[in-house]
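A.B. asks: Residue numbers (the working numbering): 767 to 1125. For glycine and all other residues, C-beta sits at the position ideal for the given N, C-alpha and C. The structure's right below; bear with me while I get my questions together.
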């Protein structure tokens, strides 16, 4: 009986992969390979002092879609005029990217979400109201995290994925565990289930938003404030970000996307050709860590000598041998952007600080 239960769990855990693989094959036949020019609506949301780091993701996006017309919608709450001028000047150098800044007005509301979820930067939640700010003739849009992603392959098949009446298309937050099927969170759920949902049923690093459905349902930021307040005051949840709050509010209202469109390499399975490389998990953000060839050699030698899978850099972050190539890839793109001169010395200084333990 125990073996049967384990087998059943394994089948249930892996069953969604059959859908994503089939869907990806179908989408590639429809929209992949050699195709004509397409218009891609893509957005991000950002706050804080590192808006210029967005140049890296933008360049990778432009270079992987040379024949397409990309309308890039930049959602923000607060940004200095100089920051916006700087990113506009960079986009002007990209012949296939048109920048559309979107100043979201509900500053206090998103500050409250940030406070209730105990997460910095209310801007992380701005995709919740994309449908209220974008032109009504845009029925769907692809959201990408701003600072820890590079695009490495065509995203048009993902953007055009059938949404099947769901609010979003996204990858699961924990693909190696059984999928969660749930409605909006209630006190009738177990504490363990509530806690897992609060971490996110989906990962929000790369998602397709069904704007028409959000409009039809009349979703506003107040819906999320109500859920966040309930989660904080009634359920005792003290930490949740955008993907957690979406999951608490909408449950499993999503269609699963192939993991190549949100490839979290540090904890992900191997053998995937990524279209989106996402520096997610307990690893340094790419703009914080720049390694030279000698430092990479030291890491590999240390891991081999000590028979370790990962090197601990600090109490919260590790790095694996397979991670190194993705950091190089990110910095190869960054080296061709103006922001490189500002962040490279800082990232090299950080690398020197965290690596002495390898010697």
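May I ask you to verify whether the stretch 860 to 875 touches the stretch 911 to 920, counting CB pairs closer than 8 Å and requiring at least 3?
C.D. replies: Segments in contact, no.
A.B. asks: Using only the alpha-carbon positions, how far apart do residue 820 and residue 1016 sit?
C.D. replies: Looking up residue 820 in the chain shown gives position 54. Looking up residue 1016 in the chain shown gives position 250. Taking the straight line joining both Cα atoms gives about 29 Å.
A.B. asks: Give the secondary structure of residue 1135 by DSSP, where H, G and I count as helix, E and B as strand, and everything else as coil.
C.D. replies: An answer regarding residue 1135 cannot be provided, because it is not within the stretch 767 to 1125 covered by the chain.
A.B. asks: Taking the CB atoms as reference points, tell me whether residue 970 and residue 997 lie closer together than 8 Å.
C.D. replies: In the chain shown, residue 970 corresponds to position 204, counting from 1. In the chain shown, residue 997 corresponds to position 231, counting from 1. Taking 8 Å as the Cβ cut-off, residue 970 and residue 997 do not qualify as a contacting pair.
A.B. asks: Should residue 941 go down as buried or exposed, given a rule of 16 or more other Cβ atoms within 10 Å for buried?
C.D. replies: Residue 941 sits at position 175 when you count from the first residue of the chain shown. Buried is the call here.
A.B. asks: Suppose the cutoff is 6 Å on Cβ atoms and the five residues either side in sequence are ignored; what does the same chain contact list for residue 1105 look like?
C.D. replies: Walking along the chain shown from the start, residue 1105 turns up at place 339. Same-chain partners within the cutoff: 818, 819, 821.
A.B. asks: What is the DSSP secondary structure of residue 1052, counted as helix, strand or coil?
C.D. replies: Residue 1052 sits at position 286 when you count from the first residue of the chain shown. DSSP places residue 1052 in helix when its eight states are reduced to three.
A.B. asks: Put residue 851 into one of helix, strand or coil per three-state DSSP.
C.D. replies: In the chain shown, counting from the first residue as 1, residue 851 sits at position 85. Helix at residue 851.
A.B. asks: Between residue 889 and residue 813, is the Cβ-Cβ spacing less than 8 Å?
C.D. replies: Position 123 of the chain shown, counting from 1, holds the residue named residue 889. Position 47 of the chain shown, counting from 1, holds the residue named residue 813. Taking 8 Å as the Cβ cut-off, residue 889 and residue 813 qualify as a contacting pair.
A.B. asks: Under 8 Å: do the stretch 1014 to 1028 and the stretch 960 to 968 share three or more Cβ pairs, one atom per stretch?
C.D. replies: With the cut-off at 8 Å, the stretch 1014 to 1028 and the stretch 960 to 968 touch.
A.B. asks: Confirm, please, whether the CB-CB distance from residue 897 to residue 837 is below 8 Å.
C.D. replies: The residue you call residue 837 lines up with position 71 of the chain shown. The residue you call residue 897 lines up with position 131 of the chain shown. Cβ distance not < 8 Å, so residue 837 and residue 897 don't count as in contact.
A.B. asks: How many angstroms separate the CA atom of residue 854 from the CA atom of residue 1030?
C.D. replies: For the purposes of this step, residue 854 is taken as the residue at position 88 of the chain shown. For the purposes of this step, residue 1030 is taken as the residue at position 264 of the chain shown. Distance between the alpha carbons of residue 854 and residue 1030 is about 29 Å.
A.B. asks: List the residues that DSSP assigns as beta-bridge partners of residue 1084.
C.D. replies: One-based indexing of the chain shown puts residue 1084 at position 318. The partner list for residue 1084 (beta bridge, DSSP) reads 1078.
A.B. asks: Kindly indicate which residue of 829, 1082, 1109 has the alpha-carbon position closest to the one of residue 1120.
C.D. replies: Residue mapping note: residue 1120 aligns to position 354 of the chain shown, counting from 1. The shortest Cα separation from residue 1120 among 829, 1082, 1109 belongs to 1082.
A.B. asks: Give me the residue from 1064, 1057, 1087 with the minimum Cα distance to residue 1075.
C.D. replies: Taking the first residue of the chain shown as position 1, residue 1075 is located at position 309. Taking only the C-alpha atoms, the option nearest residue 1075 is 1087.
A.B. asks: Would you mind sorting residue 968 into buried or exposed? The rule is 16 or more other CB atoms within 10 Å of its CB.
C.D. replies: The residue given as residue 968 occupies position 202 in the chain shown. Per the 10 Å Cβ criterion, buried.
A.B. asks: Residues bridged to residue 809 by DSSP?
C.D. replies: On the chain shown, residue 809 is found 43 positions in, with the first residue counted as 1. Per DSSP, 839, 909.
A.B. asks: Considering residue 865, what are the terminal residues of the beta strand (DSSP E) in which it resides?
C.D. replies: Reading the chain shown from its first residue, position 99 is the one you call residue 865. Element bounds for residue 865: 863 to 869.
A.B. asks: Can you name, in chain order, every residue of its own chain whose Cβ lies under 6 Å from the Cβ of residue 1125, other than the five neighbours on each side?
C.D. replies: The count along the chain shown starts at 1 and reaches residue 1125 at position 359. Low local confidence applies: a pLDDT of 49 at residue 1125 is under 50, so the model's placement there is unreliable, with the coordinate-based value given in what follows. Hits under 6 Å: none found.
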